[in-house]
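Chains as they are written, first to last, in the working numbering: chain A, 1 to 312; chain B, 1001 to 1329.
Beta carbons: idealized from backbone N, C-alpha and C, even for Gly.
For reference, the structure discussed in these notes is given below.
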Amino acid sequence: MNGMAMHRRTAITTATALAAALAGCGVGGGETPEDVSLLVTDDLGARVILDRPDAEVSGEDTVVRLLQRNTDVDAASGGTFVRGVAGVEAEQDATGRTLDWVYFRNGMLASRGAAETRVEDGDHVWWDRQEYARARMGAVVGAFPAPFRVGDEVAIDLACATPDGDACAAAVRRLGQAGVPATPRALDAPITAPAGAPRMLVGTWRRIRESGAVGPLEQGPRRSGVFARLDPDGRTLTVLDRAGEATSTLRGGWGLVAAVRPTPKLAVWVVTGPDEANVRRAAAALRPDRLKGRFAVRVDGGDAVPIPEAPR
Amino acid sequence: MTTTTASTSRATDRLLDGVARLGHRPGGDPLRTARPALAALWCLAVAVVALAAGHPLVLATVGACVLVAGARAGATALHRRVLLLAVPLALLVVVINALVVREGLTVLLRLGTVPGLGALDVTLEAVVVGAILALRLVVLLLVGALFVVAVDPDGLLRALRPRWPHAALTAALALRIVPVLARDGLRMSEARRTRPPGAPGSMEDRGARLVVLRSVLGSTFDRSADLATTLELRGHGLGVRTVRARVRRSRHDRRIAGAALALVATAAAFVAGVADVGLTPRLDVPVDATVIGACGLIAAVMIAPLLSRRGVGVASSTVRATPPVGGAA
Chain A
1 MNGMAMHRRT
11 AITTATALAA
21 ALAGCGVGGG
31 ETPEDVSLLV
41 TDDLGARVIL
51 DRPDAEVSGE
61 DTVVRLLQRN
71 TDVDAASGGT
81 FVRGVAGVEA
91 EQDATGRTLD
101 WVYFRNGMLA
111 SRGAAETRVE
121 DGDHVWWDRQ
131 EYARARMGAV
141 VGAFPAPFRV
151 GDEVAIDLAC
161 ATPDGDACAA
171 AVRRLGQAGV
181 PATPRALDAP
191 ITAPAGAPRM
201 LVGTWRRIRE
211 SGAVGPLEQG
221 PRRSGVFARL
231 DPDGRTLTVL
241 DRAGEATSTL
251 RGGWGLVAAV
261 RPTPKLAVWV
271 VTGPDEANVR
281 RAAAALRPDR
291 LKGRFAVRVD
301 GGDAVPIPEA
311 PR
Chain B
1001 MTTTTASTSR
1011 ATDRLLDGVA
1021 RLGHRPGGDP
1031 LRTARPALAA
1041 LWCLAVAVVA
1051 LAAGHPLVLA
1061 TVGACVLVAG
1071 ARAGATALHR
1081 RVLLLAVPLA
1091 LLVVVINALV
1101 VREGLTVLLR
1111 LGTVPGLGAL
1121 DVTLEAVVVG
1131 AILALRLVVL
1141 LLVGALFVVA
1151 VDPDGLLRAL
1161 RPRWPHAALT
1171 AALALRIVPV
1181 LARDGLRMSE
1191 ARRTRPPGAP
1201 GSMEDRGARL
1211 VVLRSVLGST
1221 FDRSADLATT
1231 LELRGHGLGV
1241 RTVRARVRRS
1251 RHDRRIAGAA
1261 LALVATAAAF
1271 VAGVADVGLT
1281 PRLDVPVDAT
1291 VIGACGLIAA
1301 VMIAPLLSRR
1311 GVGVASSTVR
1321 ATPPVGGAA
């Protein structure tokens, strides 16, 4: 009897495991996602190699297969590791920098391999060849309106230092134009957005730095992933080049739109400046055409200047 | 003894029996008539072509020609055994490749997401890559079997000894020793049948079966090397100048050697990109004049020297120490 019971238990366990495994199975490529865009750049966005707003995709493609459908790819390890895209190979350049290919999905640095991640509706996939060790990059602004809107899914936690101020209103307007309806809350008000919703902080740096999650922006790219450094006084912005060297130091008259990732699944954007007027100008830069392909931008008057900057 | 144990035991004995029958048998066909070194070179050249070629039609042509050469050289039975062993192995290669290789754009099956491995998709391109690898493996096994039957190990030893005495002796002994060890394994298997059921070493003892197989097949080179060292210590080949018997050249030597060189040149052409195929991310397996021409050339180069019936019947490795009386052959 014991033997029969054991056999029955084994059969049930096997059948359950098989059913669980087969649940994700299917014949053929599967359903094709819509509105998938693909961007390929080199050296932190300095050069655009490929820009496909309507990328070719078929079935439940993985990220690497999406890339292979749209351009030449040199992949190793059975197609799981990308070594080269469109003839641009991972390498060590003349200055000794090691450049590797990494990808961002909907504005967040990927945490899983490209062969493990399937493309979904509305995904923005961005491959960049960069010196990965130089910055602890987690989130970027160049996929806007992602991560706040991906396909038909919208989620945002908008917190403003002055919810009824012009800067916050400008942010709400720009977000609305991008298909992201948002109701702002005060910085210290309880979060009403769904758990894990990407966050946007709008306000002067002196006000929003107290939020805590964005503190690394004062410590440089190795901590924040942003090639700029904010001073605690809230008035000074130091802009860096790709090597992490300072190119300009601005005291007043600047705006900044940047993103950090304080936890693996949370992106936090900052729309900031030394005063409300500059914060409003930074909020006005929240447009897909202004932010496309940018890792962060500083706003100078009406212009959105990409960060990192070119070396002096 | 249970049915499963009995059938597995019979399979083991069949394997050992097949290995025991391995070995060169003198014959009158061109490949066995030519000098052993040249016959070995021919087999090696065929293997190089199989390694260099990536087109399935070319590999299939090489395989078919090897089978034809094997039929001429009396290796048909061995080729049949090899194919029986090789087919399941080839299927395994295809399956593993299909699961491991993530390249390819034509998805046949989606096997879900496996933790640690990610998305497990089977693509047509990965299956084809695996099939080509499997076909190459089968061809190489067939060439190996032909080598064992067609190349006289003693003749090869005589050809290699002047330059690499120890390696030549070891290699020749390895070829000789495998059938001997297999016959030992069969005798051990017979002995195990006399033990009572349930006793250690009896037919039910699966561990003992594995030990027999491992000891027979796994230590070939070690035993060959030991034997070679022992023979050399006893004076075999140690600084003694042997009388180099003059081996008569035959027309088959030239043809076999010429075919080997032509095959190596063909392999070089494949490496340079002739009859190349694209496998990933998209399949591109052309069947054009170049590919068909390459197949035709390989078939002609491989088979033509083996078809000749002139001058066969006298093995060129036969050595006359003294000239015949009256000059009669």
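CB contact check: residue i to chain A, cutoff 8 Å
{"i": "residue 1266 of chain B", "result": "no"}
{"i": "residue 1204 of chain B", "result": "no"}
{"i": "residue 1315 of chain B", "result": "Unreliable placement is indicated for residue 1315 of chain B, whose pLDDT of 45 sits below 50; the coordinate value is still reported in the next sentence. False, the Cβ-Cβ gap to chain A never drops below 8 Å."}
{"i": "residue 1318 of chain B", "result": "For residue 1318 of chain B, the predicted structure reports a pLDDT of 41, less than 50, and the residue's modelled location is therefore unreliable. A value from the coordinates is still provided. Not an interface residue."}
{"i": "residue 1107 of chain B", "result": "yes"}
{"i": "residue 1092 of chain B", "result": "no"}
{"i": "residue 1103 of chain B", "result": "yes"}
{"i": "residue 1112 of chain B", "result": "yes"}
{"i": "residue 1119 of chain B", "result": "yes"}
{"i": "residue 1127 of chain B", "result": "no"}
{"i": "residue 1211 of chain B", "result": "no"}
{"i": "residue 1229 of chain B", "result": "no"}
C-beta atoms of residue i and residue j nearer than 8 Å
{"i": "residue 1105 of chain B", "j": "residue 69 of chain A", "result": "yes"}
{"i": "residue 1122 of chain B", "j": "residue 1133 of chain B", "result": "no"}
{"i": "residue 114 of chain A", "j": "residue 132 of chain A", "result": "no"}
{"i": "residue 293 of chain A", "j": "residue 225 of chain A", "result": "no"}
{"i": "residue 267 of chain A", "j": "residue 147 of chain A", "result": "yes"}
{"i": "residue 1039 of chain B", "j": "residue 1151 of chain B", "result": "yes"}
{"i": "residue 1072 of chain B", "j": "residue 1031 of chain B", "result": "yes"}
{"i": "residue 1288 of chain B", "j": "residue 1277 of chain B", "result": "no"}
{"i": "residue 184 of chain A", "j": "residue 209 of chain A", "result": "no"}
{"i": "residue 1082 of chain B", "j": "residue 1145 of chain B", "result": "yes"}
{"i": "residue 130 of chain A", "j": "residue 43 of chain A", "result": "yes"}
{"i": "residue 1034 of chain B", "j": "residue 1256 of chain B", "result": "yes"}
{"i": "residue 1302 of chain B", "j": "residue 1259 of chain B", "result": "yes"}
One or two residues paired with residue i in a DSSP bridge
{"i": "residue 126 of chain A", "result": "A/39 and A/104"}
{"i": "residue 1118 of chain B", "result": "B/1114"}
{"i": "residue 47 of chain A", "result": "A/42"}
{"i": "residue 149 of chain A", "result": "A/154"}
{"i": "residue 1307 of chain B", "result": "In DSSP, residue 1307 of chain B forms no bridge with anything."}
{"i": "residue 228 of chain A", "result": "A/239"}
{"i": "residue 303 of chain A", "result": "A/300"}
{"i": "residue 76 of chain A", "result": "A/81"}
Neighbour flag for residue i against chain B, beta carbons, 8 Å
{"i": "residue 87 of chain A", "result": "no"}
{"i": "residue 68 of chain A", "result": "yes"}
{"i": "residue 118 of chain A", "result": "yes"}
{"i": "residue 91 of chain A", "result": "no"}
{"i": "residue 80 of chain A", "result": "yes"}
{"i": "residue 28 of chain A", "result": "yes"}
{"i": "residue 9 of chain A", "result": "no"}
{"i": "residue 102 of chain A", "result": "no"}
{"i": "residue 59 of chain A", "result": "yes"}
{"i": "residue 62 of chain A", "result": "yes"}
{"i": "residue 15 of chain A", "result": "no"}
{"i": "residue 142 of chain A", "result": "no"}
Helix, strand or coil at residue i according to DSSP, with G and I counted as helix
{"i": "residue 311 of chain A", "result": "coil"}
{"i": "residue 64 of chain A", "result": "helix"}
{"i": "residue 138 of chain A", "result": "coil"}
{"i": "residue 286 of chain A", "result": "coil"}
{"i": "residue 248 of chain A", "result": "strand"}
{"i": "residue 298 of chain A", "result": "strand"}
{"i": "residue 1163 of chain B", "result": "coil"}
{"i": "residue 1279 of chain B", "result": "coil"}
{"i": "residue 11 of chain A", "result": "helix"}
{"i": "residue 1318 of chain B", "result": "Bear in mind that the predicted position of residue 1318 of chain B carries a pLDDT of just 41, short of 50, making it unreliable; the figure below should be weighed with that in mind. Note: residue 1318 of chain B maps to coil in three-state DSSP."}
{"i": "residue 1028 of chain B", "result": "coil"}
{"i": "residue 1036 of chain B", "result": "helix"}
{"i": "residue 1270 of chain B", "result": "helix"}
{"i": "residue 269 of chain A", "result": "strand"}
{"i": "residue 89 of chain A", "result": "strand"}
{"i": "residue 1262 of chain B", "result": "helix"}
{"i": "residue 98 of chain A", "result": "strand"}
{"i": "residue 143 of chain A", "result": "coil"}
{"i": "residue 1197 of chain B", "result": "coil"}
{"i": "residue 1056 of chain B", "result": "helix"}
Under 9 Å by beta carbon: chain D residues contacting residue i
{"i": "residue 1100 of chain B", "result": "The question asks about chain D, but that chain is absent: this structure's protein chains are A and B."}
List, from N- to C-terminal side, the alpha helix (DSSP H) runs of 4 residues or more that fit wholly inside the region 188-223 of chain A.
Complete alpha helix (DSSP H) runs here, min 4: 205-208.
4 or more residues per run - each alpha helix (DSSP H) lying fully within the region 1078-1155 of chain B:
1124-1150
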